[in-house]
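Structure first, then comments.
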């Protein structure tokens, strides 16, 4: 499965939609312990995702049915297709995804997740399939107020709990060191879902939300009372990859194909 080809063919389509809304293996003892064997035996690939993150993954109504769609989901569908199994999607808060992976309630995580060095201590990651740029969502009435990073330093910042955007808010906006950024800070509000952060922004409980730029753009395009602040940010660890529980090299290899 070629990540780049799949992503390029569907990314623009899902951004537009967001605006409107088996392998044959000889089974040795080690192979039978690999999650790939378990997926093939169950004939189902169970993925964990946080479906409040358009255009990566989000809810969309089609013929009255609530579906989870997005280009992460399109990639997951391709993985399942390559494995010759069905796809099952479990929607949960982002900060609970890796715990679910470790517990074995899901087979992989695909949710715009960045393969940071800290996360690599507990899980393995596929090749990076998307490199991220990060933006800042503000109220439209405040757009002119937040044209610089210095201006954002005085804002009540927020980001989705458990994401690298929390670190970006602390280091690249507030100017904290990496060590300081590891500590809790009352200067950056963290919530489990982007939707709840958006509500806080609209209700003036926070002034700015740091999010990946495609996600920020999707929410701004859907909400006339929101806007993008001028500054954007990159991160050395930035990008998205599929998370797999450690000790499953065959599943990881299959995902990377």
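Residue numbers (mature numbering (1 follows the signal peptide of the UniProt record, and there is no 0)): -21 to -1, 1 to 236.
Cβ coordinates follow ideal geometry from the N, Cα and C atoms, glycine included.
query: Straight-line Cα distance separating residue 117 from residue 6; result: Only weak support exists for where residue 6 lies, its pLDDT of 44 falling under 50; the value from the coordinates is given anyway. If you take the alpha carbons of residue 6 and residue 117, they lie about 54 Å apart.
query: Three CB pairs or more closer than 8 Å across the segment 89 to 100 and the segment 43 to 58; result: yes
query: Residue 146 - DSSP class collapsed to helix/strand/coil; result: helix
query: The alpha helix (DSSP H) enclosing residue 139, as first and last residue numbers; result: Residue 139 -> not in any alpha helix (DSSP H); beta strand (DSSP E) instead, spanning 136 to 139.
query: Span separating the alpha-carbon of residue 280 from that of residue 120; result: A query on residue 280 cannot be resolved here, the shown segment of the chain reaching from -21 to 236 and no further.
query: Contact check, residue 186 vs residue 148, beta carbons under 9 Å; result: no
query: Residue 168 burial status per 10 Å Cβ neighbour count (16 or more: buried); result: buried
query: Rounded C-alpha distance that separates residue 137 from residue 20; result: 43 Å
query: Cα-Cα separation, residue 122 to residue 32; result: 22 Å
query: Below-9 Å beta-carbon distance, residue 125 vs any chain C residue; result: Protein chain content of the structure displayed is limited to a single chain, and chain C is not contained in it.
query: Beta-carbon spacing of residue 102, residue 236 below 9 Å; result: no
query: Cutoff 6 Å; reference residue 191; Cβ partners in own chain excluding five residues on either side; result: 111 and 113
query: Cβ separation of residue 59 and residue 15, assumed to be a contact under 8 Å, to the nearest whole Å; result: Residue 59 to residue 15, Cβ: 12 Å. No contact.
query: Residue 216 - DSSP class collapsed to helix/strand/coil; result: coil
query: Cβ contact (3+ pairs, closer than 8 Å) linking the segment 208 to 222 and the segment 162 to 177; result: no
query: Between the CA atoms of residue 129 and residue 99 - distance to the nearest angstrom; result: 33 Å
query: Rounded distance between the beta-carbons of residue 73 and residue 221, thought under 8 Å; result: Contact doesn't hold; Cβ gap of about 15 Å is too wide.
query: Residue from 214, 200, 13 and 125 with nearest C-alpha to residue 157; result: 214
query: Nearest-angstrom Cα separation, counted from residue 85 out to residue 66; result: 11 Å
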